[in-house]
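Some notes on the structure that comes next.
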Amino acid sequence: MKILAFGASNSKASINKSLARFTATLVPHAEIEVLDLADYDLPIFSTDLEAQIGHPPAALAFFDRIGAADGVIVSFAEHNGSYSAAYKNLFDWASRIDPKVFQDKPTVYLSTSPGPGGAGSVLAAAKGSARFFGADLRAAVSVASFYDAFDSETGSITEPTALAALTAAAETLALAEVA
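When the sequence shown is numbered by the numbering used here, its final residue is 182 and no position is left out of the sequence of numbers.
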């Protein structure tokens, strides 16, 4: 089973990328591909620009990576209560290829932040729109106070409640292969 994981941020030190990567390791017998959104450099989306250039290669590559996966794990960074600009722009371009960006793949949504909110606002927005964008949403988990829950030396979540929730979420992707 091939799992595609990414943090919805272009930060080199993205805690959401770390969370997505770790959660992917919890999917039994998974082959893991971790994307870095910084590799998908795109102009700001507009319909005028789309009419001029069509679908940029970076948007097509992102869409194709999702299509090649058996399951997807996305961990959303929250910027001012919403999606990061890097993710939103990439998603906007990909949605013009096909509104079902997630291509009906079994999907787990995550979010985290350094504070107690765990980026819950952006996770709620993502959950609310998942069905419109072809995400077969299996689970959604917010991890509060990331630096208290994450061991940077081992690259793993150590807080027991968060670990249990992430393990259960990851296992829902493994069930997709059996079904």
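The beta carbon of each residue, even a glycine, is placed where N, CA and C say it ideally should be.
Per DSSP, I76 lies in no alpha helix (DSSP H); the unbroken beta strand (DSSP E) holding it starts and ends at G74 to F79. For D51, the enclosing alpha helix (DSSP H) covers residues T50 to I56.
Taking 8 Å as the cut-off, the beta carbon of N19 is found no closer than this to the beta carbon of A41.
Along the stretch 95-157, the beta strand (DSSP E) occurs as fully enclosed runs of 3 or more residues at 108-115 and 138-146, listed in sequence order. The residue from A88, K130 and D44 with its alpha-carbon nearest to that of L113 is K130. The beta carbon of A97 sits closer than 6 Å to the beta carbons of A62, F65, F66 and V104 from its chain, once the five residues preceding and following it are set aside; these are given in chain order. Counting along the chain, A64 sits inside the alpha helix (DSSP H) bounded by residues P60 to A71. Counted as a single uninterrupted DSSP element, the beta strand (DSSP E) harbouring A11 occupies residues K5 to A11.
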